[in-house]
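Below is one structure; the comments refer to it alone.
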Amino acid sequence: MENPHSPISIPEASPKPYKKSFVTTLMEAASLRSPFKEDTYFTSHLKASEKKALQELKDKLMASYGPDGECTMWGIPLLAEDEKADVVLLKFLRARDFRVLDSFRMLEKCLAWRKDFKADSVGEEDLGFKELEGVVAYMHGYDREGHPVCYNAYGVFKDKDMYERIFGDEEKLNKFLRWRIQVLERGISLLHFKPGGINSIIQVTDLKDMPKRELRVASNQILSLFQDNYPEMVARKIFINVPWYFSVLYSMFSPFLTQRTKSKFVISREGHAAETLYKFIRPEDVPVQYGGLSRPNDLQKPASEFTIKGGEKVNIQIEGIEAGASITWDLVVGGWDLEYSAEFVPNKEDSYTIAVEKPRKLSPTEEAIRNSYTSKESGKLVLSVDNTSSRRKKVAAYRYIVRKSTLE
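Quick note on my numbering: the sequence shown kicks off at 23 and runs consecutively.
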């Protein structure tokens, strides 16, 4: 992968200022909340009262299960004097504000549930939900800090036939819940359970077309299972494609949420998924349907990020292309709604510029562009994104690879 040149910005017009609505202001405030800072799992960093609570919880476990008792979670023996065990126990303590008895009861119930549910083996089961994999709930890439990312999108269930096929009766619902736990368990298997390591995941939930009333039972059960049995496993909850009315609901229940819980929330209204996700996840790790560059079974290649101001045109120049070389590029602009073109400019002055892709307007819902071109002579490729007709600043990313000709 070659290091791309910095985009050349050419301002063409000055956008007029516009007033923000109350809903817009509220949504932006939620999306720009101070970053959630993960708690430490180094016991040396704990307060004296927290160290005491951790030891008391260990003592209760030992008294309940005995030195030879089986007490493991995610393959970690909780009775061992081990830093991994400390990480797990601290999650339960923090979920109950270091109230030892409440934490112990929660832990006991979780251990019983995992045994009854056979949670340790669910990751290897074939539950027959191939059509939902990579669509409804799936692990995909990592955020900028290294947390595994889990995407959730339930819009497919607006189709009544699909809904009946998955949730038609209690047996089907329970099977779906087991599959949803399977996805989470696979994500947890990627965690380090180590002080200073990655000990939680990121949840991204797409609310577009999500049927509210129909999924209420399933949503409540999923939420209950997660809260009761997976404490402090989510570092951040990002909601994208949030409908306007959600902001009103959020303003109503927000006062009843703890600052700790609210600090994990990021809310992004419709049309701003890429802009929001790029703050936490690199473009090459964001799925193409959310304004990223990541496609199934795609090679991982780093991307260059840039912004396009309202009223601005940006030209990306990829130079040093030799005769016979092939260049493949990916380009994406969050929320597009601008004009794009690509041309090849030969080095020879008497050669003509070649229109690789003629100027065309791209709709806001377009996915990332991927194209290839084989040059007949040396020159440069110029990718142009023209945002002069918009007042909105947009995030963007691109990457490319040049393969030299194999012909001598």
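A virtual CB, placed ideally from N, CA and C, is assigned to each residue, including glycine.
Do residue i and residue j have their C-beta atoms closer together than 8 Å?
i           : j           : result
residue 197 : residue 126 : no
residue 299 : residue 353 : no
residue 327 : residue 390 : no
residue 63  : residue 119 : no
residue 209 : residue 170 : yes
residue 381 : residue 363 : yes
residue 369 : residue 412 : no
residue 168 : residue 303 : no
residue 403 : residue 330 : no
residue 293 : residue 357 : yes
residue 336 : residue 407 : yes
residue 79  : residue 115 : yes
residue 334 : residue 393 : no
residue 332 : residue 415 : yes
residue 267 : residue 226 : no
residue 347 : residue 235 : no
residue 136 : residue 184 : no
residue 398 : residue 345 : yes
Between the C-alpha atoms of residue i and residue j, what's the straight-line distance to the nearest angstrom?
i           : j           : result
residue 379 : residue 182 : 41 Å
residue 291 : residue 175 : 15 Å
residue 325 : residue 113 : 35 Å
residue 255 : residue 221 : 7 Å
residue 60  : residue 286 : 10 Å
residue 122 : residue 421 : 51 Å
residue 237 : residue 85  : 42 Å
residue 98  : residue 69  : 24 Å
residue 297 : residue 319 : 24 Å
residue 90  : residue 199 : 33 Å
residue 288 : residue 252 : 20 Å
residue 349 : residue 193 : 52 Å
residue 154 : residue 178 : 9 Å
residue 156 : residue 312 : 13 Å
residue 376 : residue 161 : 41 Å
residue 216 : residue 132 : 21 Å
residue 124 : residue 151 : 36 Å
residue 103 : residue 223 : 25 Å
residue 428 : residue 322 : 24 Å
residue 351 : residue 423 : 7 Å
residue 273 : residue 284 : 12 Å
residue 105 : residue 187 : 44 Å
residue 301 : residue 276 : 23 Å
residue 139 : residue 212 : 21 Å
residue 257 : residue 307 : 18 Å
residue 355 : residue 77  : 52 Å
Helix, strand or coil: how does DSSP classify residue i here?
i           : result
residue 251 : helix
residue 277 : helix
residue 415 : coil
residue 99  : strand
residue 45  : Any reading at residue 45 is ruled out, since the residue's pLDDT is 40, under 50, leaving its predicted position unreliable.
residue 170 : strand
residue 259 : strand
residue 328 : strand
residue 341 : strand
residue 228 : strand
residue 304 : coil
residue 353 : strand
residue 317 : coil
residue 377 : strand
residue 285 : coil
residue 65  : helix
residue 222 : coil
residue 94  : strand
residue 127 : helix
residue 72  : helix
residue 155 : strand
residue 208 : helix
residue 50  : Because residue 50 sits at a pLDDT of 46, beneath the cut-off of 50, its placement in the model cannot be relied upon, and the point is left open.
List the DSSP bridge partners of residue i.
i           : result
residue 348 : 396 and 425
residue 19  : The displayed coordinates of the chain run from 23 to 430. Any statement about residue 19 would go beyond what the structure contains.
residue 362 : 382 and 407
residue 160 : 173
residue 118 : Answer by DSSP bridge pairing: none, since residue 118 is not bridged.
residue 309 : 316
residue 291 : 264
Is residue i close to the ligand NAD? I mean its beta-carbon at under 7 Å from any heavy atom of the ligand.
i           : result
residue 300 : The ligand content of the structure shown is nil, which means the ligand NAD is not present either.
Item to complete: Report yes or no: do the region 248-265 and the region 228-238 share at least 3 C-beta pairs separated by less than 8 Å?
Response: yes
Worksheet item: Is it true that the region 201-208 meets the region 141-155, where meeting means three or more beta-carbon pairs spaced less than 8 Å apart?
Response: yes
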